[in-house]
Amino acid sequence: MTITPRISVVIPVYNEGEAIVRCMDRILREVMLPSEILLVHDMPEDTTVPYALRIAESHPQVRPVLNTYGRGPANAIRFGIDAARAPVTVVTMADGCDDPRQIDDLARLVERGVVVAAASRYMPGGQQVGGPRLKRMMSRWAGRTLYAFTRVGTRDATNSFKAYDTEFVREVGIESRTGFEIGLELTAKAGRLRLPVAEIPTIWLDRQLGESHFDLGRFLPSYLRWYRFAYGRRLTMEQIAKRRAAAEPEAEAVSAPSVPASLS
Numbered sequence: 001m002t003i004t005p006r007i008s009v010v011i012p013v014y015n016e017g018e019a020i021v022r023c024m025d026r027i028l029r030e031v032m033l034p035s036e037i038l039l040v041h042d043m044p045e046d047t048t049v050p051y052a053l054r055i056a057e058s059h060p061q062v063r064p065v066l067n068t069y070g071r072g073p074a075n076a077i078r079f080g081i082d083a084a085r086a087p088v089t090v091v092t093m094a095d096g097c098d099d100p101r102q103i104d105d106l107a108r109l110v111e112r113g114v115v116v117a118a119a120s121r122y123m124p125g126g127q128q129v130g131g132p133r134l135k136r137m138m139s140r141w142a143g144r145t146l147y148a149f150t151r152v153g154t155r156d157a158t159n160s161f162k163a164y165d166t167e168f169v170r171e172v173g174i175e176s177r178t179g180f181e182i183g184l185e186l187t188a189k190a191g192r193l194r195l196p197v198a199e200i201p202t203i204w205l206d207r208q209l210g211e212s213h214f215d216l217g218r219f220l221p222s223y224l225r226w227y228r229f230a231y232g233r234r235l236t237m238e239q240i241a242k243r244r245a246a247a248e249p250e251a252e253a254v255s256a257p258s259v260p261a262s263l264s
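Quick note on full-length UniProt numbering: the sequence shown kicks off at 1 and runs consecutively.
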């Protein structure tokens with residue numbers, strides 16, 4: 001009998017190699033709710049793939065999936081959310097920075113009615129340990145100012161470690177194509193729609209597994225775009241849809257998969 005997952009955990013990977021084994025050991029140990037775990041890679045020759053396939057052999061909830069939306073973390077996350085089968089999607093990284101014990105708690109918040117549940121480094125009880133100083137300062141400043149002056153509902157809008165109502169994401173769409181700014185985009189859209197966002201404190205540890213692929217200079221313009229978008233009057237879902245259509249005048253060449261492409 002197939003159990004319908006309550007959570008789809010989406011993990012974009014890029015040449016993680018053997019490091020993915022430690023990441024998956026933690027997630028498989030800590031996630032208690034019925035789940036599927038999508039390891040989304042951009043190319044069949046990614047060094048993560050052999051280890052992901054080996055893990056999937058003994059853990060059927062693990063699904064290595066090949067992203068066909070284009071390379072990069074934004075496209076991998078977009079593909080993973082479109083491929084998700086659960087009503088709640090949690091995005092987390094493969095680098096060991098996020099605490100997998102909180103995946104269930106974030107998912108339960110969405111099940112209770114919020115559209116975005118954020119793991120927050122900057123609320124009481126949260127902490128960020130390590131990482132580039134400039135990146136830390138900019139992220140903290142963005143989180144505090146957005147929380148104070150907009151309705152984003154979290155002090156850590158830029159953190160990628162979030163849970164989402166899957167249908168909400170599919171309805172508002174994801175316009176990001178560059179990096180990890182999707183978390184900020186979806187939080188900003190929820191704020192402009194005046195939909196509920198919640199947060200729980202998290203302790204973020206600088207990457208323990210593998211090598212970081214975050215390029216601040218490359219991703220900064222996209223972050224600034226969504227930071228500015230968060231400031232503004234209330235929008236309706238129809239206005240969000242029109243805005244998205246204007247931003248994407250040509251339809252996507254690849255449609256969302258009804259059954260995720262998989263190497264397993």
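Every residue gets a Cβ at the ideal spot worked out from N, C-alpha and C, and that includes glycine.
Under DSSP, Val-31 forms no beta bridge with any residue. In the three-state reduction of the DSSP assignment, Glu-57 falls in the helix class.
For the set Val-62, Gly-70, Gln-61, the Cα lying nearest the Cα of Ser-176 is the one of Gly-70. Between Asp-99 and Ile-203, the gap from beta carbon to beta carbon is short of 8 Å.
For the 8 Å CB-CB criterion, Val-9 and Ile-37 form a contact. Of the candidates Tyr-14, Cys-23, Arg-22, the residue whose Cα lies closest to the Cα of Gly-179 is Tyr-14. In this structure, Ala-19 is the residue among Ala-19, Ala-74, Gly-80, Thr-68 with its C-alpha nearest to the C-alpha of Ala-52. Under the 10 Å beta carbon count, Phe-149 is surrounded by fewer than 16 other beta carbons and is classified as exposed. Look at Ile-37 here: in three-state DSSP terms it is strand. Nearest to Pro-44 by alpha-carbon distance, out of Gly-17, Pro-196, Leu-33, is Gly-17. A straight-line Cα-Cα distance of about 22 Å links Ile-81 and Gly-153.
Distance from the Cα of Arg-194 is smallest, within the candidate group Ala-230, Ser-160, Pro-221, for Ala-230.
Relative to Asp-25, the option among Ile-3, Arg-6, Gln-61 whose CA is nearest is Gln-61. Per DSSP, reduced to three states, the secondary structure at Asp-206 is coil, with no helix or strand assignment. In the three-state reduction of the DSSP assignment, Arg-63 falls in the strand class, which pools E and B. Just measuring C-alpha positions, the residue of Ile-103, Tyr-122, Arg-101, Ile-11 sitting nearest Thr-145 is Tyr-122. With a cutoff of 8 Å on beta-carbon distance, Arg-108 and Glu-30 are scored as not near each other. According to the DSSP assignment, Val-9 belongs to the beta strand (DSSP E) that extends over 7 to 12. Distance check between Arg-225 and each of Thr-187, Met-237, Thr-48 places Thr-187 closest, using alpha-carbon atoms only.
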